[in-house]
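> Position 86 (the sequence shown) corresponds to 194 in our numbering; numbering is contiguous.
Note that CB positions come from ideal geometry on N, CA and C, so glycine has one too.
Computed from a prediction, not measured in an experiment: that's the story for all the values here.
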Amino acid sequence: MNFWEQITGSDMTKEFKSFESRVKKLPTDYQGAWEKINGCLWQNSDFTGRNLMPIFDGVLSLLEEGAADGQSVQEVLGDDIKGFCSALASEAGAKSIRDKWREQLNSNIAKKLAK
Numbered sequence: 109m110n111f112w113e114q115i116t117g118s119d120m121t122k123e124f125k126s127f128e129s130r131v132k133k134l135p136t137d138y139q140g141a142w143e144k145i146n147g148c149l150w151q152n153s154d155f156t157g158r159n160l161m162p163i164f165d166g167v168l169s170l171l172e173e174g175a176a177d178g179q180s181v182q183e184v185l186g187d188d189i190k191g192f193c194s195a196l197a198s199e200a201g202a203k204s205i206r207d208k209w210r211e212q213l214n215s216n217i218a219k220k221l222a223k
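1. On the DSSP letters alone, give me the boundaries of the alpha helix (DSSP H) that D119 sits inside.
2. Does the stretch 167–181 come into contact with the stretch 128–144, if we say contact requires no fewer than three beta-carbon pairs (one atom in each stretch) closer than 8 angstroms?
3. Look at V184 and L170 and say whether their C-beta atoms are less than 9 angstroms apart.
4. Between which two residues does the alpha helix (DSSP H) carrying S169 extend?
5. Using only CA atoms, which one of M120, S153, G178, K190 lies nearest to I145?
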């Protein structure tokens, strides 16, 4: 990735287009689950969202494998998609910008209290 792609985000746009073409090949119920996952995971994004690209790729691969095996969405993800997404994001260490600000604020307060 070059500097221009990184600044404009065109690298992420290309990656999401490839994700969407892969999603169109999935059954309808899997496509609906992808939309819910897509909405839930963005809450754990850093400022650019690049921290979520490997997570999205892994989830899409999981969905593709489940569809290829003939499993239902509930068998692959369970009934709680929001819970699945939060567990996935915390396991992958995805921190949102709010988490970073919270850590910075706590650090600043600890420094002030230590004086």
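On the basis of the coordinates in this document:
1. 118–131
2. yes
3. yes
4. 161–176
5. K190
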